[in-house]
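**Student:** First the structure, then my questions, so here it is.
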Amino acid sequence: MLEQQNHSMVVAEAGDTPTAFRNCVPQLFLEDIYRTTIRIIKMRSACLIDVALNLTDCVFHGVDWKGKRLHDDDFEHVLSRAASVGVETMIITGTSLAQSVKAVRLCRKYKERGLRCTVGVHPAHASEFSRPLVLSDVESFAEDESSVITPKNNDASFSPEEEDANSTCRLEYLEKLIRDNKDVVVAVGEIGIDYAELSYCPRETQETYFIKQLDAFSRLGLPFLLHSRECGDHFTRLLGEWMEKQPTDQPPFCGVVHSFNGSPEEQRFLLEKGLFLSINGSAFRERRLAEQVCQIPLDRLMFETDAPWCDIRNKDYGFQYVKTQFPTTKKKKPLVMGTCLERRNEPCHMVQVVEVFTGCYNEFNKDKPITQEAVMERVYHTTNSFFHLSP
1 MLEQQNHSMV VAEAGDTPTA FRNCVPQLFL EDIYRTTIRI IKMRSACLID VALNLTDCVF
61 HGVDWKGKRL HDDDFEHVLS RAASVGVETM IITGTSLAQS VKAVRLCRKY KERGLRCTVG
121 VHPAHASEFS RPLVLSDVES FAEDESSVIT PKNNDASFSP EEEDANSTCR LEYLEKLIRD
181 NKDVVVAVGE IGIDYAELSY CPRETQETYF IKQLDAFSRL GLPFLLHSRE CGDHFTRLLG
241 EWMEKQPTDQ PPFCGVVHSF NGSPEEQRFL LEKGLFLSIN GSAFRERRLA EQVCQIPLDR
301 LMFETDAPWC DIRNKDYGFQ YVKTQFPTTK KKKPLVMGTC LERRNEPCHM VQVVEVFTGC
361 YNEFNKDKPI TQEAVMERVY HTTNSFFHLS P
C-alpha cells in the first residue's frame, strides 16, 4: 500500500495532486513541485541501476552525523520512491570493514527490493587496517541501522609487525565476507586514492592499502568499484603500474571508477586501459566537465547517485535539463513523511542524472542526438553485464 501511495505522488500531473497527500502537506509546498509528466510512467518500464550509493548512512534513518535524531526513520519511503521511478537495483558501497558488514546485512534484509553491495575499504578509512579487529565492535555497529561511523586517524601507534598482523587479519575477514555472500556482493570496493581526505588518512597509508586490496581481492573474479579524488595522476599511475605487473593467468581486471569528475587526461587513460566510468550530479556542476563526460562511450558509462552526496543543485550547469521534481521538505524544516529532504540525495534522483546527461549530451553532440530512452537502455545493458546482475 505504501509503495502505491508513493507512486501516485510521483506521477501526479500539476493540478492533480492526490487528495490525501495534499491534505497532509503544508502550504509551503506549491503545486509545481509535484509536477512531472507521463514520461515517468514510461520510465517505469525501463530499468535503472544505481551503481554507487551509501544506504548504510545514518541520515536515511533520521539521524545526523553527530548521532542526533532529527526525524523518524524514513528508509522504507526512500526505497519506495526509488522503485516508483524504475530504479531496479541499488548497489550499496562498502566504505569500511564495519560498513561492509552492515551493507551485506542490509542487502540480506532487502534483497527482494533490489539491494546489492560492494565490500572494501575507502581510502579515507584505510588507517583502520593498522588497528586490531574487534568483532564485537563490528557487530554492534552492523546491528544498529542508525549507527554512525566516521573515518579517523589512529589514536595509537603500532609496530610494523603489529600493523602487518592487524592488516592481514582484516584483509582475510573481508575476503571471507565476500566469498560467503557472493549472491549479494557484486564488486570489491570502494577502494582507491582520495587526497581530499588526508586529514583522516595519510597519503602513504592510502596508497599502501589501495595496492594491498587490489592484490588480495583480484583473484576473486569480481569487478572493482574504484575511487579517485583530488590526487592528480597518482591514482592512474598506481593503478597502471599494478595492472602491468599482473600475471597473464590472472582473471582480467575489470573496474569502474565511480563518481568520476577527473581531468580529460585521466578520462582518456582510464578508457584506454579498458575501465568504465560512472557519473552522478557532481559531473554537471560546470559546463566544461559536463561536456567532457558526455564524450564517454555509452558502452563504458554507468550512472549513480552516490547518495546522500552529489545531488543536482539549482546552480549547477546541468540543472537546466532536470524535468522531474519530487515533493521535498526544506532543510531545517520538520520532515513531511513521504517526501524527499532538501540536499539529501537519494536513489529516486537517478531519474535526474539520466535527464541531465541526455540534455547535456544532445547540447554538445547536435549532429548525433539521442533519446533518453536510448541512453537508459544502453547504460542499463552495460551496467547489468558488468556486475552480472541478471540474464
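For the sequence shown, full-length UniProt numbering gives the first residue as 1, with consecutive numbering after it. A virtual CB, placed ideally from N, CA and C, is assigned to each residue, including glycine.
#1: Out of R81, F141 and P123, point me to the one whose CA is closest to G67's CA.
#2: Within 10 Å of its beta-carbon, does S385 have 16 or more other beta-carbons around it, so buried, or fewer, so exposed?
#3: Return the CA-CA distance between F60 and D311, expressed in angstroms with no decimal places.
#4: For C360, which residues in the same chain have their Cβ closer than 6 Å to its Cβ, ignoring the five residues on either side in sequence?
#5: From the DSSP secondary-structure annotation, give me the bridge partner or partners of S136.
#6: Count the other CB atoms, across all protein chains shown, that sit within 10 Å of the CB of S157; report buried if there are 16 or more and exposed otherwise.
#7: When we look at the beta-carbon of D249 and count the other beta-carbons within 10 Å, is it buried (16 or more) or exposed?
#8: Taking residue 404 as the reference, give the member of V119, S84 and A126 with the closest Cα.
#9: In whole angstroms, what separates the C-alpha of C340 from that of F284?
#10: What are the boundary residues of the beta strand (DSSP E) that includes S100?
#11: Going by C-alpha to C-alpha distance, which of F235, P251 and P247 sits closest to G262?
#12: Rounded to the nearest angstrom, what separates A187 and F260 at their Cα positions?
#13: Can you name the residues that DSSP bridges to G192?
#14: Measure the alpha-carbon distance for D64 versus K368 and round it to whole angstroms.
#15: Given D233, which residues of its chain have a CB within under 6 Å of its CB, disregarding the five upstream and five downstream residues?
#16: With a threshold of 8 Å, are at least 3 pairs of Cβ atoms found where one atom belongs to the stretch 152 to 170 and the other to the stretch 78 to 88?
#17: Would you check if the distance between the CB atom of T93 and the CB atom of A82 is smaller than 9 Å?
#18: Hey, out of D183, I296, R343 and R229, whose CA is closest to L389's CA?
#19: Are the beta-carbon atoms of D306 and L53 separated by less than 9 Å?
#20: Here's the rule I'm using: 16 or more other beta-carbon atoms within 10 Å means buried, otherwise exposed. How should L301 be labelled?
#21: Under 9 Å, do E207 and L226 count as touching if we go by C-beta distance?
#22: What are the start and end residues of the beta strand (DSSP E) that includes A52?
#23: Bridge partners of P187, per DSSP?
**Tutor:** With the structure as the only source:
#1: Within the sequence shown, numbered from 1, the residue matching residue 67 stands at position 67. Closest option to G67, Cα to Cα, is F141.
#2: Here the question's residue 385 lines up with position 385 in the sequence shown. Looking at its Cβ environment, which holds fewer than 16 other Cβ atoms inside 10 Å, S385 is exposed.
#3: Position 60 of the sequence shown holds residue 60. Position 311 of the sequence shown holds residue 311. Rounded to whole angstroms, F60 to D311 spans 15 Å at the Cα level.
#4: Position 360 of the sequence shown holds residue 360. Closer than 6 Å at Cβ, skipping near neighbours: A290, C294 and G318.
#5: If you number the sequence shown from 1, residue 136 lands on position 136. The partner list for S136 (beta bridge, DSSP) is empty, contrary to what the question assumes.
#6: For this step, residue 157 is matched to residue 157 along the sequence shown. Exposed: under 16 other Cβ atoms inside 10 Å.
#7: Position 249 of the sequence shown, counted from the first residue, corresponds to residue 249. Result: exposed.
#8: The requested residue 404 does not occur in the structure, where the chain is confined to residues 1 to 391.
#9: Numbered from 1 along the sequence shown, position 340 holds the residue referred to as residue 340. Numbered from 1 along the sequence shown, position 284 holds the residue referred to as residue 284. C340 and F284: Cα-Cα distance of roughly 21 Å.
#10: For the purposes of this step, residue 100 is identified with residue 100 of the sequence shown, where counting begins at 1. Run containing S100: none in the beta strand (DSSP E); it sits in the alpha helix (DSSP H), L97 to K109.
#11: Stepping through the sequence shown from its first residue, residue 262 is reached at position 262. Closest option to G262, Cα to Cα, is F235.
#12: As a working note, residue 187 is residue 187 in the sequence shown. As a working note, residue 260 is residue 260 in the sequence shown. For A187 and F260, the distance between alpha carbons rounds to 17 Å.
#13: Within the sequence shown, numbered from 1, the residue matching residue 192 stands at position 192. The partner list for G192 (beta bridge, DSSP) reads H227.
#14: Stepping through the sequence shown from its first residue, residue 64 is reached at position 64. Stepping through the sequence shown from its first residue, residue 368 is reached at position 368. In a straight line, the C-alpha of D64 is about 45 Å away from that of K368.
#15: Within the sequence shown, the letter at position 233 stands for residue 233. Same-chain partners within the cutoff: there are none.
#16: no
#17: Position 93 of the sequence shown holds residue 93. Position 82 of the sequence shown holds residue 82. No; because the gap between Cβ atoms is not below 9 Å, this pair is not in contact.
#18: Taking the sequence shown and counting its residues from 1, the one referred to as residue 389 is at position 389. The option with the nearest alpha carbon to L389 is D183.
#19: Within the sequence shown, the letter at position 306 stands for residue 306. Within the sequence shown, the letter at position 53 stands for residue 53. Cβ distance < 9 Å, so D306 and L53 count as in contact.
#20: Within the sequence shown, the letter at position 301 stands for residue 301. Counting Cβ neighbours within 10 Å, L301 comes out buried, since at least 16 surround it.
#21: To locate residue 207, count along the sequence shown from 1; it is residue 207. To locate residue 226, count along the sequence shown from 1; it is residue 226. Contact: no.
#22: Looking up residue 52 in the sequence shown gives position 52. A52 -> beta strand (DSSP E) spans L48 to L53.
#23: Reading the sequence shown from its first residue, position 187 is the one you call residue 187. The sequence given here places Ala at residue 187; Pro does not occur at that position. Answer is T118, bridged to A187.
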